[in-house]
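*Asks:* The structure that follows is given in the form of structure tokens.
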């Protein structure tokens, strides 16, 4: 099959422009059952439907009515970006609506569509005549605009409005919200521009986000000036317009940066926008910067869960290899932004590593952010909660919370889960690439394959060709996960009927080229032996420790499974085998891993916990069976301690 | 010699009341030369004299003039507690003046006395007619008072004013500042009281400090109501008057608390006040709480440097054993507050452990806070600065700073160093106790002993009896430092002429009772072999690491001494001997410790720094001589990496 330009997908958060310089194009997938289907069901049946009520009780909708003049009272909420909670919910609801064909979805779909319509009307009603829209500045700041770009979040809010509008348009074909977003974007385009452009303000927002949104608005509308405006914003960070500090991405221009830094979500949204921009413009320097920064981030600043962020103070990345456990600041939004950025790099470059990180983040650092029932949330996603932990409460709590004061994460989770099928597969003119394995159908270019799997609990993934061009060879590319290539869990296998393939894996892809016929069936077996993982020795926080992993899942211990003491005196015996035990009764059904360990005898050191190294206590102690659960499922039972990294002695 | 009530010392920050329930009384000491004399010289000749100029340029004195109506302009400074920088400087200057007898000290003393007089006049001029004094609230808040006790710091400021006033009175016998402080304290006493007292406000300050100051004002004036007011404040924390959170010490009443928590300096000042209170009232429950909390703090929340605080966010203590290195938040003020609290416990209980912690803190966590030249400062005192560190600048910088935006620490260092002689020795009616060893004279109850030592560089401490009651046996008690009792550096020895004592050490004290004669000479030899120290295994941050120590000093590596690479790939060989090398040329003269180590070969892990535990790289690498310097002397050369805890493999 010759490499040709393919049809654009109808829906999805990334739709490439006609001149995009991408290696891959997003393909359509449908998730039918299995692990992610269950998470999406909780999202569709609980999280998203509860959104309007929570936005009402938190005051977000009230603020929109105030701005429209249809209600009276005080502005509610503590931040200038509270409107984005509404926009992210609208985006989530739109992707959700897109999953139902007209007339499908029953009363649930009808209610959701009505909520969306009602809330879009509130948004539209709050918009100023010239297109400006930010209830905080309209109501609290007396209409003052763009005077506090560092903290004001006005363009950040516009970015989320644009993303919601594009989603709504793609999902429903309707343009009420898109018109609101375009009016705001057009207004911004009259205000912001470089010196000499005749625009009144040369500036960028303290919180990047509008850049990726503007590229998508260009993609949706075809209007070049939105792409140009995105390019202007991306280029103006790092030039001191915001005071020159790393927090706001203003210390160094992105094209010159050597590592990710500053506020993690700000950095990652900016990089998503920069990658969009490089994809559409083909600029080599910008592309090189995004690839370089991704490599630096994963090598030196990523937690094993895919979580990103090391400082509670400023929500910043730390120094290289500064990856604390109890003080990890792995904001759920940063995990989401990482997935969004990595997906754009996957499309741009075609390399599997980006989807490797997406998989790890989805199953761990991202998914931990929402409870199993879809009703409560974690913001910072630590890798450890100590015995004797004094919980601060609030957004940074180690306990799940019904809603946050800064409620950025919950609707962000909703929109990613609702649009998850758009991050699973691609096509490239030579065939179909499966990036993530779910039970469902993957479709592109006249090809449909059906995938059946109980992944990540079982490693068998059966792919059956349903539709295929006749007499046209094409390549089915299966991503062989990076965790599997690292070993030592054994080799993966690929079978077709009785035949075992011995195809090489190139850059993470197993490529099977042939002339396919309907009914052809490929079975991929991924080795799910549990494994003990250690870190680069420069990650000081986990020296002398191992983590338990199985497939894409990172495991943890919870105090509730280890009565009779805490977790801080436990050691794991790394020389003993790990046992796998599926527990359908536990946490919605999880595979646990049982390890041999001990509870240390801790000598009474008097009042000083430091002493001669030669006298350091040995790891004797009571034998103890350690039960590890998947990290994503922690904090779904009772409060208590937790740890991912386990001392070996 | 019968146990009798002894004369109160003339000067010093703690003067016990006539009915105090203390085991020990502060004795007078005079530091003549040696280690601490040099630090105090830098304080006296550089830090303190530069204070007025810095307070002028930072706006603190300007604010006082504004409040007095003798200047025009805007309030300067970012915090409601900027007045305390002035008060702490006045306290430092007062203790400094006390070291010069009238007519001594030359032009330096004259200039300082004039500065003190001038600045006291500014303070007095700013005071409201009813005694209230806080320039922030007078100038910025339009005279509004006590409406924001959680953040307002009004009583905190009053506390530092009182401490300065008491110091000035004790040092000079003059009462200009004491009258200002009394007027303010009297005013506060009309405002604050329990329900039913008829006082308008039942409340406490978000930042404890006034409690310890009020007890001292009681001691200085004999007025019981100041003690009662201190007791009221101590008792009202933990009852939700401030919102009920740990940050402001309001989560749990102090008498019920099980561990230190919340903002470290707030906690420690409160505990100093509580210990003062228990000392004066004899209350067993409060005394037990302070002893319990000290034990919990040292066992679970103290860095090896004596530094306290684990969170940049909120400047809080962490959970038990949460003692990060690069993100240690060991505020210099917390080290000072710890010394102040421990000294009060030493007096109350007579136990040597409190002075053990004081020694460790003085030589390490405290002294690192000021540069060797007395001109620049560290606020957070981390235990590690990584290769590739991106310095945030500002108060939390790992580089020394000339003055801080929140300048609480520098004048706090000045006041402790200027009054350091008051933390060195005690008497108890049976003799003299030497808590800290300096070259100088120690005097109490007709006893004077002279101490000569080059400690901490050398372990020989010679104590000569200069004056003694005739035919009256008394006990010379020498604190045998806890670091020495921990071994394995060998045993200490005590000689008198040719005779070696084999006296037992009880609770840290070597007690030598006899009828002394002038000229009697005791030589204490402390073993200064360098040693490798490990931590309780629950201190996750330092697993697999050792620290180098010698005597009371904690050592560190600095990048500047290890060119050709960073510090993050270095390991120390814990099986090889440590060598001691005195370097008179280096950092004002320090003893360095040379250890055998290697620079690891780090494998290229691709883009992911986690991999199979079985494949973890071994510690091969280039042999490297590691040069350790005392921690207190770090950051006195060039910017760069530093670490206290060194991996062993």
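Protein chains in written order, with our numbering: chain A, 1 to 649; chain B, 650 to 1298. Cβ atoms here follow ideal geometry from the backbone N, Cα and C, with glycine treated the same way.
Tell whether a beta-carbon distance below 9 Å holds between residue 958 (chain B) and residue 940 (chain B).
*Replies:* Translated into positions along the second chain, residue 958 (chain B) becomes position 309. Translated into positions along the second chain, residue 940 (chain B) becomes position 291. Cβ atoms of residue 958 (chain B) and residue 940 (chain B): not closer than 9 Å.
*Asks:* I'd like to know if the stretch 1211-1220 of chain B and the stretch 1269-1277 of chain B are in contact, where contact means that at least 3 CB-CB pairs between them fall below 8 Å.
*Replies:* Yes, they touch.
*Asks:* When DSSP labels each residue in this structure, what does residue 539 (chain A) get in the three-state scheme?
*Replies:* The residue labelled residue 539 (chain A) in the question sits at position 539 within the first chain. In this structure, residue 539 (chain A) counts as coil in the three-state DSSP scheme.
*Asks:* For residue 714 (chain B), report the span of its alpha helix (DSSP H) as first-last.
*Replies:* Numbered from its first residue, the second chain carries residue 714 (chain B) at position 65. Residue 714 (chain B) -> alpha helix (DSSP H) spans 709-717.
*Asks:* Between A:41, A:166, A:67 and A:28, which has its C-alpha nearest residue 87 (chain A)'s C-alpha?
*Replies:* Here residue 87 (chain A) refers to the residue found at position 87 of the first chain. It is A:166 whose Cα lies nearest to the Cα of residue 87 (chain A).
*Asks:* Under the three-state reduction of DSSP, which class applies to residue 409 (chain A): helix, strand or coil?
*Replies:* In the first chain, the residue the question calls residue 409 (chain A) occupies position 409. Helix at residue 409 (chain A).
*Asks:* Do three or more CB pairs link the stretch 459-471 of chain A to the stretch 48-59 of chain A at distances below 8 Å?
*Replies:* The stretch 459-471 of chain A, when compared against the stretch 48-59 of chain A, does not touch it at the 8 Å Cβ threshold.
*Asks:* Would you mind telling me which residues of chain A sit closer than 8 Å to residue 904 (chain B), beta carbon to beta carbon, in chain order?
*Replies:* Counted from its first residue, the second chain places residue 904 (chain B) at position 255. Ordered by position in chain A, no residue passes the 8 Å Cβ test against residue 904 (chain B), which lies about 18 Å from the chain.
*Asks:* The alpha helix (DSSP H) with residue 107 (chain A) in it runs from where to where?
*Replies:* If you number the first chain from 1, residue 107 (chain A) lands on position 107. First-last of the alpha helix (DSSP H) with residue 107 (chain A): 106-126.
*Asks:* With C-beta atoms as the reference, is residue 747 (chain B) less than 9 Å away from residue 1091 (chain B)?
*Replies:* Stepping through the second chain from its first residue, residue 747 (chain B) is reached at position 98. Stepping through the second chain from its first residue, residue 1091 (chain B) is reached at position 442. Their beta carbons are not under 9 Å apart, which means residue 747 (chain B) does not touch residue 1091 (chain B) by this criterion.
*Asks:* If you follow the alpha helix (DSSP H) that residue 218 (chain A) is in, where does it begin and where does it stop?
*Replies:* Within the first chain, the letter at position 218 stands for residue 218 (chain A). Run containing residue 218 (chain A): 210-221, per the alpha helix (DSSP H) assignment.
*Asks:* Along chain A, which residues have their Cβ under 9 Å away from the Cβ of residue 1188 (chain B)?
*Replies:* Mapped onto the second chain, residue 1188 (chain B) falls at position 539. Per Cβ cutoff of 9 Å: 609 and 610.
*Asks:* What does the Cβ neighbour count give for residue 956 (chain B), buried or exposed, with the cut at 16 atoms within 10 Å?
*Replies:* Locating residue 956 (chain B) in the second chain gives position 307, counting from the first residue. Counting Cβ neighbours within 10 Å, residue 956 (chain B) comes out buried, since at least 16 surround it.
*Asks:* Any C-beta of chain B within less than 7 Å: which residues of the stretch 459-483 of chain A qualify?
*Replies:* Listed by position along the chain: 482.
*Asks:* Kindly indicate which three-state DSSP category residue 52 (chain A) falls into: helix, strand or coil?
*Replies:* Residue mapping note: residue 52 (chain A) aligns to position 52 of the first chain, counting from 1. Three-state result, residue 52 (chain A): helix.
*Asks:* Which residue's Cα is closest to the Cα of residue 909 (chain B): B:831, B:943 and B:933?
*Replies:* Start at 1 with the first residue of the second chain, and residue 909 (chain B) comes out as number 260. Checked all of B:831, B:943 and B:933; the closest Cα to residue 909 (chain B) is B:943.
*Asks:* I'd like to know whether the C-beta of residue 624 (chain A) is nearer than 9 Å to at least one C-beta of chain B.
*Replies:* Numbered from its first residue, the first chain carries residue 624 (chain A) at position 624. No, residue 624 (chain A) lies away from the interface with chain B (no Cβ there is under 9 Å from its Cβ).
*Asks:* List, in chain order, every chain A residue whose beta-carbon is nearer than 8 Å to that of residue 1140 (chain B).
*Replies:* The count along the second chain starts at 1 and reaches residue 1140 (chain B) at position 491. By Cβ distance, chain A contributes nothing, its closest Cβ being about 14 Å from residue 1140 (chain B), past 8 Å.
*Asks:* Are there any heavy atoms of the ligand HEM lying less than 8 Å away from the beta-carbon of residue 1154 (chain B), as far as the coordinates show?
*Replies:* Of the ligands one can find in the structure shown there are none, so the ligand HEM has no counterpart to examine.
*Asks:* Whole angstroms is fine: what's the gap from residue 435 (chain A)'s alpha carbon to residue 731 (chain B)'s?
*Replies:* The residue given as residue 435 (chain A) occupies position 435 in the first chain. The residue given as residue 731 (chain B) occupies position 82 in the second chain. Computed Cα separation, rounded: 58 Å.
*Asks:* In terms of alpha-carbon separation, which member of A:197, A:263 and A:427 lies closest to residue 666 (chain A)?
*Replies:* What the structure shows of chain A is the stretch from 1 to 649, and residue 666 (chain A) is not part of that stretch, so it cannot be assessed.
*Asks:* For residue 780 (chain B), count the other beta carbons within 10 Å of its own beta carbon; 16 or more makes it buried, fewer makes it exposed. Which is it?
*Replies:* The residue given as residue 780 (chain B) occupies position 131 in the second chain. Looking at its Cβ environment, which holds 16 or more other Cβ atoms inside 10 Å, residue 780 (chain B) is buried.
*Asks:* So the alpha helix (DSSP H) residue 1014 (chain B) belongs to, where does it begin and stop?
*Replies:* Here residue 1014 (chain B) corresponds to residue number 365 of the second chain, with the count starting at 1. That residue, residue 1014 (chain B), is in no alpha helix (DSSP H); it is neither H nor E in DSSP.
*Asks:* Is there at least one Cβ from chain A nearer than 9 Å to residue 652 (chain B)'s Cβ?
*Replies:* Residue numbering aside, residue 652 (chain B) sits at position 3 when the second chain is read from its first letter. Below a pLDDT of 50, predicted positions are generally treated as unreliable, and residue 652 (chain B), at 35, falls in that range; the measurement from the model is reported next regardless. Chain A contact via Cβ: absent.
*Asks:* Cα-Cα, which of B:1276, B:930, B:971 and B:1096 is closest to residue 667 (chain B)?
*Replies:* On the second chain, residue 667 (chain B) is found 18 positions in, with the first residue counted as 1. Checking every option, the nearest Cα to that of residue 667 (chain B) belongs to B:930.
*Asks:* Counting only the same chain and skipping the five closest in sequence on each side, list residues whose C-beta sits under 8 Å from that of residue 3 (chain A).
*Replies:* By one-based count along the first chain, residue 3 (chain A) stands at place 3. The predicted model places residue 3 (chain A) with a pLDDT of 35, which falls under 50 and marks its position as unreliable, so this point remains unresolved.
*Asks:* Decide if the stretch 501-516 of chain A is in contact with the stretch 528-545 of chain A; the criterion is three or more beta carbon pairs, one per stretch, under 8 Å apart.
*Replies:* Touching, no, given that fewer than three Cβ pairs across the two stretches are closer than 8 Å.
*Asks:* At a Cβ cut of 9 Å, what residues of the stretch 666-679 of chain B count as close to chain A, listed as they run along the chain?
*Replies:* Cβ contacts with chain A: none found.
*Asks:* Looking at C-beta atoms only, is the number of pairs between the stretch 99-108 of chain A and the stretch 174-189 of chain A that lie closer than 8 Å three or more?
*Replies:* No, because fewer than three Cβ pairs between the stretch 99-108 of chain A and the stretch 174-189 of chain A fall closer than 8 Å, the two stretches do not touch.
*Asks:* Could you give the C-beta distance for residue 1034 (chain B) and residue 1047 (chain B), rounded to a whole number, given that I count them as a contact under 8 Å?
*Replies:* One-based indexing of the second chain puts residue 1034 (chain B) at position 385. One-based indexing of the second chain puts residue 1047 (chain B) at position 398. Yes, residue 1034 (chain B) and residue 1047 (chain B) are in contact; Cβ-Cβ is about 5 Å, under 8 Å.
*Asks:* So, are the CB atoms of residue 213 (chain A) and residue 126 (chain A) less than 9 Å apart?
*Replies:* For this step, residue 213 (chain A) is matched to residue 213 along the first chain. For this step, residue 126 (chain A) is matched to residue 126 along the first chain. Not in contact: residue 213 (chain A) and residue 126 (chain A) (Cβ atoms no closer than 9 Å).
*Asks:* Residue 173 (chain A): buried (16+ other C-beta within 10 angstroms of its C-beta) or exposed?
*Replies:* Working through the first chain from its first residue, we reach residue 173 (chain A) at position 173. When all chains shown are included, residue 173 (chain A) counts as exposed.
*Asks:* Count the other C-beta atoms from every protein chain shown that fall within 10 angstroms of the C-beta of residue 489 (chain A), then say buried if there are 16 or more, exposed otherwise.
*Replies:* Position 489 of the first chain, counting from 1, holds the residue named residue 489 (chain A). Annotation note: pLDDT 49 at residue 489 (chain A) (below 50); position unreliable, no value reported.
*Asks:* Thinking C-alpha only, which one of A:207, A:270, A:262 and A:224 is nearest residue 234 (chain A)?
*Replies:* Position 234 of the first chain, counted from the start, is the residue given in the question as residue 234 (chain A). Per the Cα distances, A:270.
*Asks:* Determine whether the Cβ of residue 620 (chain A) lies closer than 9 Å to any Cβ atom of chain B.
*Replies:* Walking along the first chain from the start, residue 620 (chain A) turns up at place 620. Closer than 9 Å: no.
*Asks:* State the beta-bridge partners of residue 1231 (chain B) as determined by DSSP.
*Replies:* By one-based count along the second chain, residue 1231 (chain B) stands at place 582. In the DSSP output, where bridge partners are listed per residue, residue 1231 (chain B) has B:1240.
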